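Residue numbers (mature numbering (1 follows the signal peptide of the UniProt record, and there is no 0)): -18 to -1, 1 to 157.
Next up, the structure:
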């Protein structure tokens, strides 16, 4: 049960679900060369590809390898995005690198969808004993949505306090 609760917490603390909800705003503030709507479409496609890759690889690569790959890829993508936003908001000329926000965001979403956002539900169903599976799954899902609510509720506040770059680096530090 504890493993399930930790996986659900990590599902939200990677920040990807919140970032998906604020995709347009993030790209607007990051100074991406693409429109926020086009960026959101690209990110949604990347999320679809990541989900498909997760489904195709889960039995071949194994859950641990997918989780480790997902954690590293998500952390790297968030770090690059946070550093880019920090540099561009600090006055550095990043005009030659306008592609970095969409690339880093896409890498983050792809790798998080590879395992962090998808496999937790599968793992919970596998590790909980049949006797408590229904109750345990409900508790884990409740924890997931409580964390989801809290992160979505406080994301604008955290972005104001830490800056968008600080928020990305905070999410990256989880990994």
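We put the CB at the ideal spot given by N, CA and C, even for glycine.
Model, not experiment: these values are computed from the prediction.
Pairing CB atoms from the segment 86 to 95 with CB atoms from the segment 49 to 66, are three or more of them under 8 angstroms? yes
Residues in the same chain with beta-carbon distance under 6 angstroms from residue 28, minus the five sequence neighbours each way, listed in chain order, please. 88, 91 and 92
Once the 5 residues before and after residue 128 are set aside, which same chain residues still bring their CB inside 7 angstroms of it? none
Is the segment 76 to 84 in contact with the segment 14 to 31, if contact means three or more CB pairs nearer than 8 angstroms? yes
Suppose you measure from the CA of residue 98 to the CA of residue 71; what does that come to, to the nearest Å? 29 angstroms
The segment 145 to 155 / the segment 62 to 70 touching (three or more Cβ pairs under 8 angstroms): yes
For the putative contact between residue -8 and residue 102, defined by C-beta atoms under 8 angstroms, what is the C-beta separation to the nearest angstrom? 5 angstroms
Using a Cβ-Cβ cutoff of less than 6 angstroms, which residues in the same chain neighbour residue 115 once the five nearest sequence positions on both sides are dropped? none
Within its chain, find whatever has a CB closer than 6 angstroms to the CB of residue 18; leave out the 5 residues flanking it on each side and keep chain order. 6, 9 and 10
Selection from 61, 105 and 2 that minimises the alpha carbon distance to residue -17: 105
Which stretch, first to last residue, makes up the alpha helix (DSSP H) that contains residue -18? That residue, residue -18, is in no alpha helix (DSSP H); it is neither H nor E in DSSP.
Report all residues from its chain with a CB closer than 7 angstroms to the CB of residue 64; omit the five preceding and five following residues, and keep chain order. 147, 150, 151 and 154
To the nearest angstrom, how far is it from the Cα of residue 109 to the Cα of residue 35? 23 angstroms
For residue 42, which three-state DSSP category applies? helix
Look at the Cβ atom of residue 125, then the Cβ atom of residue -6, and state whether they are nearer than 7 angstroms. no
Short Cβ contact (7 angstroms threshold) for residue -14 with residue 122: yes
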